[in-house]
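Residue numbers (this note's numbering), protein chains in the order written: chain A, 5 to 111; chain B, -10 to 223.
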């Protein structure tokens, strides 16, 4: 941390490691498009990626699976709110209220 | 700006508003974490502007603090960002045709939330100007929300109670995105597989388990689509 120039070098390299994958195919454009079958398979990327990020977050407590935890209860409340209403804020209100409520009940 | 660019921009902006709300707590947390790692305000905002990626930033912070070798820091950032190769490939066709500078900007601004929210509409809309507007407007908005919230986190470091767990709003935002997708059976199979694999493979080093889970989820969804098609033809 003492070496300020070294830190900025790290930032630039991490920035490249983030921007190059993001820009890759968008910048290459038509010169490097993926086959159609891959394109169709890629339609599932968002659902798979979002679930892969969010599911561990709501079922794991300190690295171990715990089915009865406030975060999972809050997640269920948020999903039910999203299914029941088109109001974009309701899932956030329901989810956070459930999280705080369940934590308070659990002590 | 053509009228169809503006029409696309309006649709994209409105569709991505909930996602941008979910960014606020994450950006606050990332700002707090960078100050916690010992960065000055300039260093923290520099990292935020150069990298613009929560996973890469939060994932490399402990390594930087521990004085890990440079190659390990960069390799870690690369691995957690591999999913963007898939996203970028999916967006190549919808965003094709613009100037190279504009496409670099589109690449730099690529985020999970805008990608997941807009991909289906970007794939089906025939007007290139509409597609560019529908991608760029919410992406720029999310970058603005992200950077200003990070700045608030950096400046407010230490005075926001951690036990509010505001970062959970990001998880809620991801769930809100999943709900309409899960109405299609193959998408549900894909999400369930991705979620379960990510939990089972959480022990894999360098967050590789998340990559394997995403690839597995995509394969499962594709297989389910194929299978459903065969059932329907009978």
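Positions of the beta carbon are idealized from the N, C-alpha and C atoms, including for glycine. All values derive from a computational prediction rather than experimental measurement.
For residue 60 of chain B, the enclosing alpha helix (DSSP H) has its first and last residue at 59 to 69.
The C-beta of residue -8 of chain B has fewer than 16 other C-beta atoms within 10 Å across all chains shown, which makes the residue exposed. Under the three-pair Cβ rule at 8 Å, the stretch 0 to 8 of chain B does not count as touching the stretch 18 to 38 of chain B.
Think of a sphere of 8 Å around the beta carbon of residue 69 of chain A: the chain B residues whose beta carbon falls inside it are 188, in chain order. Out of A:36, A:66, A:85, the CA that lies nearest to the CA of residue 99 of chain A is found in A:85.
Going by DSSP, residue 56 of chain B is part of no alpha helix (DSSP H) at all; its letter is neither H nor E. Within the same chain, Cβ atoms closer than 6 Å to the Cβ of residue 81 of chain A are found at 98, 99, 102, the five residues on either side in sequence being excluded.
Closest in C-alpha terms to residue 146 of chain B, from the list B:21, B:140, B:69, B:12, comes B:21. Going by beta carbons, residue 87 of chain A and residue 168 of chain B fall inside the 7 Å limit. In this chain, the alpha helix (DSSP H) harbouring residue 97 of chain B covers 89 to 97.
The three-state reading of DSSP puts residue 64 of chain A in strand, counting E and B together. A straight line joining the alpha-carbon of residue 67 of chain A with that of residue 50 of chain B spans about 19 Å. Rounded to whole angstroms, the separation of the alpha carbons of residue -2 of chain B and residue 129 of chain B is 10 Å.
Assignment of beta-bridge partners to residue 31 of chain A by DSSP yields no partner.
Of the other Cβ atoms in all chains shown, fewer than 16 fall within 10 Å of the Cβ of residue 109 of chain B; this residue is therefore exposed.
Judged by DSSP secondary structure, residue 73 of chain B falls within the alpha helix (DSSP H) whose first and last residues are 72 to 81. Among the residues of chain B, those whose CB is under 7 Å from the CB of residue 28 of chain A are 74, 77, following chain order. In the DSSP assignment, residue 135 of chain B falls within the alpha helix (DSSP H) that extends over 117 to 145.
At a cut-off of 7 Å, the C-beta of residue 88 of chain A has no neighbouring C-beta in chain B. Listed along the chain, the chain B residues whose CB falls inside 7 Å of the CB of residue 62 of chain A are 160. Three or more Cβ pairs closer than 8 Å define a contact, and the stretch 13 to 28 of chain A meets that threshold against the stretch 56 to 68 of chain B.
Using a Cβ-Cβ cut-off of 7 Å, residue 94 of chain A does not count as an interface residue toward chain B, since no Cβ of chain B sits closer than that to its own. If you ignore the 5 residues before and after residue 69 of chain B, its C-beta comes within less than 7 Å of the C-beta of 44, 45, 48, 196, all in its own chain and listed in chain order. Contact annotation: in the stretch 86 to 105 of chain B, residues whose CB is within less than 7 Å of a CB in chain A are 89, 92, 93, 95, 96, 97, 99, 101, 104, 105.
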